[in-house]
Structure formats: structure tokens, C-alpha cells
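Data block below; observations after.
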Amino acid sequence: MELSSNANQLVSSSGGNSSIPKTSHMQIWSYPTPCSLVACDFLCALGYTRRDYLSFVRCLFFVRCLFFHPQLPSLGALLSMRTSQTIFPRSLLAPLVLLCLAFSLGCGFTPVCPSEKACSETTQDEVFDASEVIRDSEYSEEKESVAEFAPEVDKTPEEPTTEKGLEKEPIPEGECTPGATRTCYDGEKGTSGVGICKQGQQFCSLARLWGPCVGQILPTKESCNNKDDDCNGKIDDSFPEQGQDCRIQNPSPCDDGVFVCEPVKLLYCKPKAASNPELCNGKDDNCDGKVDDVYPEKGKTCQRSDVTAPCNDGLYQCQGGFLLCISNIPPKTETCNNKDDDCDGMIDNGVQKECYTGATNPTNTSGVGICRNGKQTCTAGVWGSCQGDVVPTKEICNGKDDDCDGTVDEEPNGSLCQTHFACLNGGCVCDPKSAAVCGGTCLDVTSNDQHCGKCNNVCKNGLFCFQSKCTDSWMQGATFHSWHGLYLLGGKILTSAVDAKGNVFVAGRFEISATFGSTTISTPNFDGEYSAFLAKISPKGQWLWAKRIVNSTRDEVRGLTVDSTGNVYLTGYFAGTATFGTTTLKSVVNSIGIFVAKADNNGNWKWAIHGTVGMGFDIAFRNNQVYVTGFYKSGKFGSVMPIETGGPSSRSSLFVAKVDPVLMKWVWVRGVAASYGWKVGVDGNNNAYVLASSSESTLFGSIAVTQKQYAVAKIDSSGKWLWVKELPFPGLEKMVVDDAGNSYVTGHSGGTFSYNGQVINPSGSQTVYIAKVNTSGTLAWWKYIGNSSQPGNDVYLGGITTTSKGIYLAGFLFQSNAEIDNISLKFVNGHYFLLNIDKQDKITLASQNNLGGAVVELSSNANQLVSISGGNSSIPKTSYMQVWSYPAP
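Counting with our numbering, you get residues -3 to 885 for the letters of the sequence shown.
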């Protein structure tokens, strides 16, 4: 009905009837000039409606603003140009924008764009309310710009829109109202609002899409900062340095620390010793920077009530970690004067001096031969009589220097008996037990291949003379470096085993170096720490190989056994790192660790496993099962935690464990508090027997042990303790088990003990005991090897083993005679003896001779015995050991 314009804009009005009584409806249209009409004709030609054209005009104007105006359209302008989804399908939006751009460039008109924030084009296809364009008070300038171009609109409330009117266009799904905001959070569910985590905000963009989440704080890696960085509700519950060792510029032990996190100090290096109790010792034990600070009385004067003046005046001083009142008078040595010289509350205590009542002129015989000084003790200022001295007696032929002149069993003219001669009735004769006169010469016939057992008896066909017989028995030697030149203190063979073919395996420890035949092994840099070794001898007595456990230090092999095919199983301990072939084990720092390892009969390591802190003492193999015993402190054996009974105790605990040699892992481990496991054996039914000792009352499973003594305990293949038999004998150290489950235990000691009310006080400083415990846990019998008629006798245990011919017990006489049952063991017949115990428990003397030194180990297969003997060497810092192999007598 009406048309008006400015340079670039057309405004038309139209009107018509209304469905509402007494109401008419007018429309005002505003749109760009001619090129827009061309665009309208073009769109009409394509089949689009007038509403499509109007939307296209908005698009055209919006694009021109974007490309030619220095600022983007404001929120209000954008709201005034929104296009309903019902007008343009989404698939046509992109090509229409391009059309908008093309037409606007072709027309060359300049859209009316506000100079500040908004670019508004107020054209609409229905009655336009300019007040709808800007709804936010922050756009006041924009309101003015819009008002400049928008027609006046009647603000009188309108009647509800009829069906013919246009409703307000809804927001399409997935779009939003530009300028709108909402909270957002991309973190894991449940972490928002926890710790440092919080929500952010999203703003709706001009393209009706939600923007990125701004201001949100998401979980991060936890660090030591008194904050909950990972938003799990816990502050500083973990941090990168947690548990790591660190060093502190403090004196030892306060320089060894670990990183900790605390609320005030945050991350700092805390001394590991901080939890130690402060002792009275002049040291900062708890690392608080103060020495002995919990003992304020230190250095103050005190009075002792246990001594008399002047010894009662004292000062509080540290001694042995405790604060004690110690006399402050100058210390004096206690003398025999009926006074308390050293102020210890006792008079003339411990005051002794050496004495000797034997001949001292022309020479002092004390310390020569059997002669020894005695002791005099002071009591109340008076010296007592000389006690314990040994003086010269008449020389007799007994292997001792009885007259203390420096010569043993000398004849009246001073000559000594020659080799192979025996002292009989005061004279030296060719020993009838070990020598013979052949061709006018007294020759040894115990090991002479040309005169074996008698003159001219030559050993042939590869046999050699052993124990006066041509046999397949043999002896081999090994030398060990020893700092003291003593067998007990240096390297030595500790254990042995014999396979079914007669191969002998020996193992133990050495320091610096050891030689086995033509093979010498040594420790790294020739250090003095013990190193473990394993060596093999052929059935004919030839050293085949010897090796040390590579890269190990301070370690030993304590137990050794073999299976039916000649594979070797070992146990013991190591410190630091030990390498068995391709397997490397590491112990706990500054501690020794238990190991079990397997090698084939050529010495190739097959596997090795680590236990925990402790030591393996013995190992047994039967029916493809391996059992190990020893002691441990705490911790797992591989992945297996020991089931321990009898605790708690500060002492070490016994362990017995089952190992699967195929899967190479611990099957089960049983522990007994305050105890040690010394030996283990297995019967024909796979039950294990342990020779144990306890240092206090404890429990084997549910079985109580109340005495501090030795015991034999039986455990089945599943790890259930069946019985425990306590034994009163002191010094038990060896045990064997036969197929039926009978245990034979033995040891030696000079101590007194009681059994069933009877006090046993054997003569001699060392006596050998042997006892049998049957498979039901009953002590069947016990005996000891000694001689009550000869005080001072010494009998030492060598070893015990089982063969097809029964049990064999080896021992050693130290210049003494002994007896057991009706068997008389006389030193003149030989220092080495071997006893046999048959299946009816009858004991017989199998042999007695002078072979080797003191026997320390005995092993066997079904028919062969191997004894290990050792002693000192004439070579400085060297000890010598012998391996003897011979048929079971």
C-alpha cells in the first residue's frame, strides 16, 4: 500500500483484515534496493518464496558486514537476523552464503553497519519489534544504532497471535542462543568440586554453537604441595619422589634419608633413623639434632648405693646405651688385697694368676708337651692353691710327650720311631697293621700299589691300593687359602653328595683362592670375603671341574644333594648379587639371602631362586620333590609368604620349604619362631623330617615345644606338622632318614644333660651321641661313644649317612680310647673309625685306620662311601682337605 526508501533501503507497508473482530493487521517490510530485487527475482525463478528471499537478504547483509566492516556483528544485530530452520534446509546454507557474497559484490552497495559493536539489518518478514534486538543492558550504544534504522513499533500489548500469525521461531536442536552461558566440566565424574577441581563456563557463539569450557580446573598428577591435585579427596597421598632415598648433610646415620611429604614442611628428606630411640651413647640416634637430649641428668653428680666410700661418689654417664651412676674416682686394676679396687661392688673378684708346680730348673717344662700352667684365685686377699696345672710324668708309648722334654715317645737314647713303625712296649717295630718288611725294608702296605696289603701284591686292571686292598677306592686333595693357616677358619668343603654312578660333588666356601687338582679358582681381586664353590670328581677319582658362583661375595654353599640323573641341588646364602648362569639374584641391602639352585652333571646352571633374608642349611631330594631348611628373619620366599607359628619373637625363625624343581618355584614355606633348622631328610612317602633347635618355647604348627633344646619334627608333603620329638642331647648337628621314616641323629659335646631323671655326665671334653627316632616320633634308643675309665678322652663326630647296607657313622679319636656297646675303639689302632648300624639296630665296627685327618663329612650312594677330612697345612696360610671314596664295608 505504501513504499518509501533511502539510498540503499526500501520500506513497504501492506495491510489486510484480521480474524479478530474489529481489528485490522498491517505489515511493514524493509529490504535492500535493486540488487536485492534482482536477487529476489532470481530466487523466485528458482522456486523459493518471499520468506526465503528475506532470509537471503539477511544472509547477504551479514556476509557483507563480516567481510567489509572492521568489527563483527554484535549480539543484538545477530539476534535480529536469525533464520528459521523452516526457511532454509541446512544443506543449502553453504551455497546460499556464497550466493549472498556474489550478489552483494555485484551490486556494489554498502550496507549500513554501525560504527561500534553492532551490524544490524532490521528487515523482517513480520511486524518487527526493535526492542527484541538488544536485551542486555551492556549494549546501550547498540540500542541507539538499531533505533536509527528500525521503524517505530507500537508497544501496546498485542492480542494473542492467531493461527494465521507467525509464532516465535524455536531454537534448532544442537544450537544455542548467542551470548548464553552454561557450566561445564570435562574431568572424570565425581571429581568436580573435589580438591582443586572446579567447573568452568561455556559461551554460545555467534554461530549458535557452544564454545570451549573456560575456567575449568581438571585433575592433574599429585605433587607435594598441600593440595589435592588429582581430586581424589586426599591431599598429597602420592608424589613422584615418594619412597625414594636421599642424602642429608648430617653425620651418619642421620645422612641416610627418604623423601616424605608433610603439611608444613612439604617435600623434604627425612632421616631414616628418625624413628630410632635415643640411647645414652654420645650420638644423635633419633636425628633430631640433639645428642642424648632425653638424659638431662647426664654429667651430674650421683651417689651409688651398691658400693662403699670412696667408690660411691659418681657421675651420671653413658655406658652401653644406658645412663648409669658410675664412680668418678680414677679406675684401678683389681688386686689381691681384700679391697674393692675397681669400685664394682665386689672385693678381689676375678683376680687370678698363673701357677705351675712342675720342674722349672734347669728349663721350664710348662707349655712343653702335655704340661700346662694352672690358676690361683685370690679370696679375701689370700692366694689359693694351684689348680689345673699339668706336670711332667714318666714317658710312655702313647703318642704324647709325657715327660715334657719336647719329644714324643722317644727311646732311652733319644731316637724317634720311623715312618711305618709302631710304638709297641716301648720300642719301634714295623707296624703290623699298616706296614710289612719287604726286601728288608718296612713299607706301607695300605696305599702301595706294588705291595698292597702284603709284599709283592700288585694292583692291576686300573685298580689301586686303598686300605691295603686293590680296589676302586681313591683319595683326592684340595688346598684352600686361609688367613690363619687353620682349617676351621679358612676355606673348606662343607657338604658333599654321591650320584648313582659314583660321581662325587663337593661344595662349600673359599677365600682368595682354592685349588682342585689342576684347576684353581679365585675371588674377584683376590679379596678375603668367602665365596661359594661347587666341584666334581669322577668315579675313578679325577677332578673334572670346579667353579665359583659368579659375581657373589660373602656367600657359602651349606647343603648339597643329587637326583637320580646326576643333577645337583644346592642351598646356602649370599650377599649382594649372585649369578647362576643367566639367572642373577639380589639380596636385601646389607643382608644375606637364601638361595636354592640347580646345576646339571656338567656344572651348567639350570635355575636359581631367592628366598628372603636368612640362610639355607640343608637340602634333600626324593621323588622329584625338593625340601630345604634353615633360618630366616622375615619376608616372602618368591611370592610365597611363610606360615609361621610360635611368635612373636625377636629371634630368627626356622623354615622348612618345598620347592618344585620343574616349575622352579617355592610351593610352600612353614616357619617356627625362635628356632633353627639344621638338617632335613625325606622318607619313601615324601614326608620330611627336620633336625631343629629352639632358643625359647615355641610352636610347630599347633604342637608346643617348651624346652630350649634340640628336636626332630615331621611334616607331610602338604606342609602339615605331624609330630615333634624333643631330645635332651647337646650339640646335635647331623641327621639321616631311611626309607621307612626312621631318623638317626648325632652330634658331639662335652656338656652334661639329663634324660628321664638320669643325669648324664660323660667323661672327656668331647663325646659323640647317636639316637634313633622312629617314624611315629618315639625315641627308640640312644647311645654315646666315650670311656668313663679314661677322663680327658676326646671323641669327635665325623658324619652319618645311609646306604643299602644300613647306617654308617664316622668319627675321630683325638689321642684317646673310646667304646660303644661292646666295641672298643683304641687310638693305637687308628684315629679314624667307621661304625655300621644295620636294620636290626645292631652296631658293629666297620673299619678303623689312620687315613686322612679329622673326618668332617660323610656321604654315600647305595654302595659307596665318601668321607671328607681336613686339617692344617705346613704351608703358611693354607689348609688342606681330603676326599676319600671307598666301598661301604
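Glycine is no exception: its CB is placed at the ideal position from the N, C-alpha and C atoms.
Given the structure is predicted, the values throughout are model-derived calculations rather than measurements.
query, result
"Who are G317's beta bridge partners in DSSP?", "C276"
"Between which two residues does the beta strand (DSSP E) carrying T797 extend?", "791 to 799"
"Mind checking D551: buried by the 16 CB within 10 Å criterion, or exposed?", "buried"
"Could you have a look at S750 and say whether DSSP puts it in helix, strand or coil?", "strand"
"Using the C-alpha atoms, what's the distance from Q762 back to K450?", "36 Å"
"Looking at the structure shown, is V364 part of a helix, part of a strand, or coil, going by DSSP?", "coil"
"If you follow the beta strand (DSSP E) that R300 is part of, which residue opens it and which one closes it?", "From DSSP, R300 is part of no beta strand (DSSP E); its letter is neither H nor E."
"Does the segment 798 to 806 come close enough to the segment 831 to 845 that 3 or more CB-CB pairs lie under 8 Å?", "yes"
"Quick one, which of G380, Y352, R666 has its alpha-carbon nearest R368's?", "Y352"
"Relative to the C-alpha of C276, which candidate in N452, G295, A531, G537 has its C-alpha closest?", "G295"
"Exposed or buried, A203, counting other C-beta atoms within 10 Å across all chains shown (16 or more means buried)?", "exposed"
"Quick test of your reading: F651 and P638, contact by CB under 8 Å. State the CB separation rounded to the nearest angstrom.", "6 Å"
"Which one or two residues does DSSP pair with D241 in a beta bridge?", "V254"
"Which of the three DSSP states is assigned to K185 in this structure?", "coil"
"Of all the options N813, T580, K704, which has the alpha carbon lying nearest to the alpha carbon of I781?", "N813"
"What does DSSP give as the partner residues of E815 in its beta bridges?", "G782, S820"
"At what residues does the beta strand (DSSP E) containing D398 begin and finish?", "D398 -> no beta strand (DSSP E), and no H or E assigned at all."
"According to DSSP, what are the bridge partners of Y623?", "A616, K654"
"Would you tell me roughly how many angstroms separate the C-alpha atoms of F633 and V665, rounded to the nearest one?", "8 Å"
"Take the Cβ of M731 as the centre, count every other Cβ of all protein chains shown within 10 Å, and call the residue buried at 16 or more, exposed below.", "buried"
"Can you pull the DSSP bridge partners for E171?", "Paired residues: none, contrary to the question."
"Apart from the five residues just before and just after V303, which ones in its own chain have a Cβ nearer than 8 Å to its Cβ?", "S323, D336, C339, D340, G341"
"Could you check which residue in S772, V755, W778 has the C-alpha nearest to that of I766?", "W778"
"Please confirm if the segment 205 to 224 is in contact with the segment 243 to 251, defined as three or more CB-CB distances below 8 Å between the two stretches.", "no"
"Between the C-alpha atoms of E218 and C265, what's the straight-line distance to the nearest angstrom?", "18 Å"
"For the structure I just gave you, are there three or more beta carbon pairs, one from the segment 834 to 853 and one from the segment 877 to 884, closer than 8 Å?", "yes"
"Taking S745 as part of the beta strand (DSSP E), name the residues at either end of that continuous run.", "739 to 745"
"Helix, strand or coil: how does DSSP classify T158 here?", "Low local confidence applies: a pLDDT of 42 at T158 is under 50, so the model's placement there is unreliable, with the coordinate-based value given in what follows. Looking at T158 - three-state DSSP - the assignment turns out to be coil, as it is neither helix nor strand."
"Alpha carbon to alpha carbon, how far is P174 from S201? Give it in angstroms, no decimals.", "5 Å"
"Helix, strand or coil, according to DSSP, for N334 in the structure here?", "coil"
"Could you give the DSSP three-state label for P520: helix, strand or coil?", "helix"
"For the putative contact between H477 and S430, defined by C-beta atoms under 8 Å, what is the C-beta separation to the nearest angstrom?", "Their Cβ separation, rounded to whole angstroms, is 32 Å, which puts H477 and S430 out of contact at 8 Å."
"Taking M877 as part of the beta strand (DSSP E), name the residues at either end of that continuous run.", "874 to 883"
"DSSP has Y291 in a bridge; who is on the other side?", "DSSP lists no partner for Y291."
"What is the DSSP secondary structure of N282, reduced to helix, strand or coil?", "coil"
"Quick check on the burial criterion: 16 or more other C-beta atoms within 10 angstroms. Buried or exposed for D233?", "exposed"
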